[in-house]
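**Q** The structure is given below, and queries will be raised subsequently.
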Amino acid sequence: MSNFPEVKVLDTRFHKLTVQDLISYIVEAGKVAQKTVIAHVNVRGMNFAYQLPWYRNFLNNADLVFCDGVGVLLGAKLLGYQMEPIHRMTCPDYIESLAIACEQNNISLFLLAGQPGVTDKAIKKLLAIAPNLRIDGHHGYFDKSGKDNDNVIEKINQFKPDVLYIGFGMPLQERWILDHFDKIDTRVFLPLGACLDFYTDSVYRGPRWLTDNGFEWLTRLVTEPTRLWERYIVGNPLFLYRVLKQRITQKVIANP
Numbered sequence: 001m002s003n004f005p006e007v008k009v010l011d012t013r014f015h016k017l018t019v020q021d022l023i024s025y026i027v028e029a030g031k032v033a034q035k036t037v038i039a040h041v042n043v044r045g046m047n048f049a050y051q052l053p054w055y056r057n058f059l060n061n062a063d064l065v066f067c068d069g070v071g072v073l074l075g076a077k078l079l080g081y082q083m084e085p086i087h088r089m090t091c092p093d094y095i096e097s098l099a100i101a102c103e104q105n106n107i108s109l110f111l112l113a114g115q116p117g118v119t120d121k122a123i124k125k126l127l128a129i130a131p132n133l134r135i136d137g138h139h140g141y142f143d144k145s146g147k148d149n150d151n152v153i154e155k156i157n158q159f160k161p162d163v164l165y166i167g168f169g170m171p172l173q174e175r176w177i178l179d180h181f182d183k184i185d186t187r188v189f190l191p192l193g194a195c196l197d198f199y200t201d202s203v204y205r206g207p208r209w210l211t212d213n214g215f216e217w218l219t220r221l222v223t224e225p226t227r228l229w230e231r232y233i234v235g236n237p238l239f240l241y242r243v244l245k246q247r248i249t250q251k252v253i254a255n256p
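Read in the numbering used here, the sequence shown has 88 at position 88, and its numbers run on one by one without any break.
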């Protein structure tokens, strides 16, 4: 378990750390012969945790949980936590730094994510900056049960990665980790959603001034309205409403 300060929002906890802390933690966990689960939260994850007890347990039992959403930082601030922009990190911004740190420490990496072709593209990009990195991968578009699933697990186990990056999106990736935790020969489970899609420019993230200021969701909503409207138009206000409700309750308890 990590020694970073814990933040609790809507009964779901995450840790207060910087991107440098995260990279160091992943690399160190990759050196130890035991399994470590590193998770992340954003508003969508918080909404899942509110509705799905197993998902909340996954986050609350993970060894480290980092924040990948401005909305969650805001929620924590509303509940009285001291949070800074450096306490939020988004994978496409640090994946190259992680690859370099893995290369320097001889930590191997397996990418399990994206449509066919995306992982190959990502591996090529990462090897361009970390040529001695031990890296392999497989796309994320396979049947998550049965023979297809067994073959993918076999491929991972043959490679024996120190760090296994899983990007199926929430809550599928977390469910998959829970269902196959004992079968998979890796040291670090790292679910990171659609990171590789953005890193390889397979999906447009939006202009830098928007993504740096917490409005990446706006670009995603404009580019994929049919798929994402519920996540953002309903999900963001719902999270905020729940946080404000908790804040009022806290004040009532503090001042009965």
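Note that beta-carbon positions come from the ideal geometry of N, C-alpha and C, so glycine has one too.
Which runs of the beta strand (DSSP E) spanning at least 3 residues fall entirely within the stretch 146-213, listed in chain order?
**A** 163-167 and 188-191
**Q** If contacts are defined as beta-carbon pairs under 8 Å, then Ala114 and Ile123 qualify, I think. What distance do you get, rounded to the angstrom?
**A** Counted from its first residue, the sequence shown places residue 114 at position 114. Counted from its first residue, the sequence shown places residue 123 at position 123. Reading off the sequence shown, one finds Gly at residue 114, where the question assumed Ala. About 11 Å separates the two Cβ atoms, so there is no contact after all.
**Q** Measuring only the C-alpha atoms, how far is Gly117 from Tyr94?
**A** Against the sequence shown, residue 117 aligns to sequence position 117. Against the sequence shown, residue 94 aligns to sequence position 94. Computed Cα separation, rounded: 21 Å.
**Q** Using DSSP bridges, identify the partner residues of Asp136.
**A** Reading the sequence shown from its first residue, position 136 is the one you call residue 136. For Asp136, which the question treats as bridged, DSSP gives the partners Phe110.
**Q** Please name the residue or residues paired with Cys67 in a DSSP beta bridge.
**A** The residue labelled residue 67 in the question sits at position 67 within the sequence shown. BP columns for Cys67 point to Val41 and Arg88.
**Q** Are the stretch 66-81 and the stretch 235-243 touching, with three or more C-beta to C-beta distances below 8 Å?
**A** yes
**Q** Pick out whichever of Phe14, Ala29, Phe4 and Arg13 has its Cα sitting closest to the Cα of Ile107.
**A** Taking the sequence shown and counting its residues from 1, one reaches residue 107 at position 107. Selected option, being the one with the closest Cα: Ala29.
**Q** Is Asn236 close to the ligand GDP? I mean its beta-carbon at under 7 Å from any heavy atom of the ligand.
**A** Within the structure as shown, the ligand GDP is missing, as the structure has no ligands at all.
**Q** Assign Asn47 to buried or exposed, taking buried as 16 or more other Cβ atoms, counted over all protein chains shown, within 10 Å of its Cβ.
**A** Locating residue 47 in the sequence shown gives position 47, counting from the first residue. The residue in question, Asn47, is buried, as its Cβ has 16 or more Cβ neighbours within 10 Å.
**Q** Nearest CA to the CA of Thr258: which residue from Gly45, Tyr165 and Thr36?
**A** Coverage of the chain is limited to positions 1 through 256, which leaves residue 258 absent and any answer about it impossible.
**Q** Who are the near neighbours of Gly45 in its chain, counting only those whose CB is closer than 6 Å to its CB and skipping five residues on each side?
**A** Here residue 45 refers to the residue found at position 45 of the sequence shown. Around Gly45: Met170.
**Q** Beta carbon of Lys160, beta carbon of Asp185: below 8 Å?
**A** In the sequence shown, the residue the question calls residue 160 occupies position 160. In the sequence shown, the residue the question calls residue 185 occupies position 185. It is a contact, given that the beta carbons lie within the stated cut-off.
**Q** For Ala39 and Pro191, what's the separation of their Cα atoms in angstroms?
**A** As a working mapping, residue 39 is identified with position 39 in the sequence shown. As a working mapping, residue 191 is identified with position 191 in the sequence shown. Each residue's alpha carbon lies about 6 Å from the other.
**Q** Can you check whether the CB of Phe58 is closer than 8 Å to the CB of Leu22?
**A** Position 22 of the sequence shown, counting from 1, holds the residue named residue 22. Position 58 of the sequence shown, counting from 1, holds the residue named residue 58. No; because the gap between Cβ atoms is not below 8 Å, this pair is not in contact.
**Q** Express the C-alpha separation of Ile100 and Asp63 in angstroms, rounding to a whole number.
**A** Numbered from its first residue, the sequence shown carries residue 63 at position 63. Numbered from its first residue, the sequence shown carries residue 100 at position 100. Using only the alpha carbons, I get a separation of about 23 Å.
**Q** Within 10 Å of its beta-carbon, does Asn42 have 16 or more other beta-carbons around it, so buried, or fewer, so exposed?
**A** On the sequence shown, position 42 is the one that residue 42 refers to. Result: buried.
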